[in-house]
Amino acid sequence: MLTVFNIQRFSIHDGNGVRTNIFFKGCPLSCLWCNNPESIEPFPSIMFDERLCRMFGDCIKAGSGYIASAGDKLLIDRKNITDFSSLINICPSKAITVIGKTMTTDEIISEIEKDIPFYTTSGGGVTLSGGEPFSQDPFLKELVSELKAKQIHVSVETSLHVPWETIEKYLDIIDVFLADLKHLDSEKFTRFTGGNISLVINNFRELDKRGKPFIVRIPVIPGFNFSEPELCAVIDFASGLKNAHEINFIPFHSLAREKYTMLGKEYIFENQRNIEKSELTQFVEYAEKKGLIAKILN
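Be aware that the sequence shown starts at 0, since it is given in numbering that gives the first Met the number 0, and climbs by one per residue.
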């Protein structure tokens, strides 16, 4: 079984042509700016939109003592809720939603097959995203193998923060790796993401040795890597990889603010300003001088 929190159809920003994006829950990193905070935990998440709440009380009855009212407020003890099934579609006003469900390979394939005509005409396919798709191994391998048997193009968005032994199993069945390279400084990477940059760098080098095509993606984050020395260092590293033919810059935006509120999480980057595309032009030019195709994504 695979844990999915969204299937997004008709996407055009995560690979060639029209694509179906499958978003998986679970990530080994906890990036402080994460645009999909609901994807970090591998288990379902509860989102609560206080603006929609009418205090009908259905969720309190189904919450096993972990959802209660305090005046006109609803209190949710998310840490102790383990049975999410009773809360699915429990709220008439949709103030409470359960994010994430387990799906079989056949169920996911059934959704994907609806879009095959669009892949054929546009040169599109499926993009695996998250979270970290490789955290779903070995069930993910079954899904990707089925997609390749149907001759569907498969891209994967990955942090590369997983053991190389996991990635290696997918080299012959993933068409393109869309791989994040967030920073090169070990201390800063760990402080902002909770991860180990050496694992990521080593996986980039191994991927390059195997001759596998990949696109380097840089989330450009204020206070983390949005400076000339830091971004140029990442570009320099990418340009030294033979198979990194393209680099993408993903400017920070704070659109995830409401998600954090509804998840009961603190959003560290709440007061950071958005980065404008125009501010990244110099880095596009620098990357192109280094021989890379460079793009700024939305």
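Idealized CB from N, CA, C, for every residue including glycine.
Fair warning: this is a prediction, and the values are worked out from it, not measured in the lab.
CB of residue i within 8 Å of CB of residue j, strictly
i: T157; j: N20; result: no
i: I108; j: K147; result: no
i: L230; j: F188; result: no
i: S3; j: M102; result: In the sequence as presented, Ser is not what sits at residue 3; that position holds Val. Yes, they are a contact pair.
i: I246; j: I234; result: yes
i: K181; j: P218; result: yes
i: F251; j: I274; result: yes
i: V153; j: G124; result: yes
i: K289; j: S238; result: yes
i: Y118; j: G16; result: yes
i: I39; j: C52; result: no
i: P43; j: G99; result: yes
i: L302; j: F236; result: Nothing about residue 302 can be reported from this structure: the residues present for the chain run from 0 to 297 only.
i: R209; j: L170; result: yes
i: F203; j: P132; result: no
Residue i (DSSP reduced to helix, strand or coil)
i: L86; result: helix
i: K100; result: strand
i: A94; result: coil
i: A243; result: strand
i: K208; result: helix
i: R53; result: coil
i: D179; result: strand
i: R216; result: strand
i: K72; result: strand
i: I45; result: strand
i: P27; result: coil
i: F203; result: helix
i: I274; result: coil
i: I196; result: helix
i: F248; result: strand
i: E37; result: helix
i: D105; result: helix
i: N15; result: coil
Bounding residues of the alpha helix (DSSP H) (the contiguous stretch that carries residue i)
i: T192; result: S185 to T192
i: T280; result: T280 to K288
i: E164; result: W163 to E167
i: T260; result: R256 to L262
i: E156; result: Looking at the DSSP string, E156 is not in any alpha helix (DSSP H); the run it does join, the beta strand (DSSP E), is H152 to T157.
i: F236; result: E227 to S238
Extent of the continuous beta strand (DSSP E) run through residue i
i: F9; result: L1 to S10
i: K294; result: I292 to I295
i: V125; result: G124 to S128
i: A300; result: Within the shown structure, residues of the chain are numbered from 0 to 297, placing residue 300 beyond reach of any answer.
i: T327; result: Nothing can be reported for residue 327: it is not among the residues displayed for the chain, which extend from 0 to 297.
i: R18; result: R18 to F23
i: P221; result: Element bounds for P221: n/a, residue is neither H nor E.
i: E145; result: Element bounds for E145: not the beta strand (DSSP E) but the alpha helix (DSSP H), F138 to A148.
Neighbourhood of residue i by C-beta distance below 8 Å, restricted to the same chain and skipping five residues each side
i: H244; result: P212, I214, L291 and I292
i: T104; result: L1, F138, E141, L142 and E145
i: D71; result: M54
i: D57; result: I89, C90 and P91
Contact set for residue i: own chain, Cβ-Cβ below 6 Å, skip 5 residues either direction
i: K60; result: none
i: Q7; result: N20
i: D136; result: T165
i: S134; result: G25
i: E278; result: none
i: M261; result: M46, F47 and D48
i: D179; result: S158 and R216
Beta-carbon contacts of residue i that lie in its chain and below 7 Å, excluding the five residues immediately before and after
i: L198; result: H160
i: D82; result: S63
i: N297; result: H12
i: E205; result: W163
i: I220; result: W32 and F251
i: G222; result: Q271
i: I87; result: V97
i: R256; result: Y266 and E269
Counting pairs of beta carbons, one from the segment 191–202 and one from the segment 23–33, are three or more of them closer than 8 Å?
-> By the criterion of at least three beta-carbon pairs nearer than 8 Å, the segment 191–202 is in contact with the segment 23–33.
Could you tell me whether the segment 34–41 touches the segment 53–67, using the rule of 3 or more Cβ pairs below 8 Å?
-> no
Contact between the segment 79–95 and the segment 39–57 (3+ Cβ pairs under 8 Å) = yes
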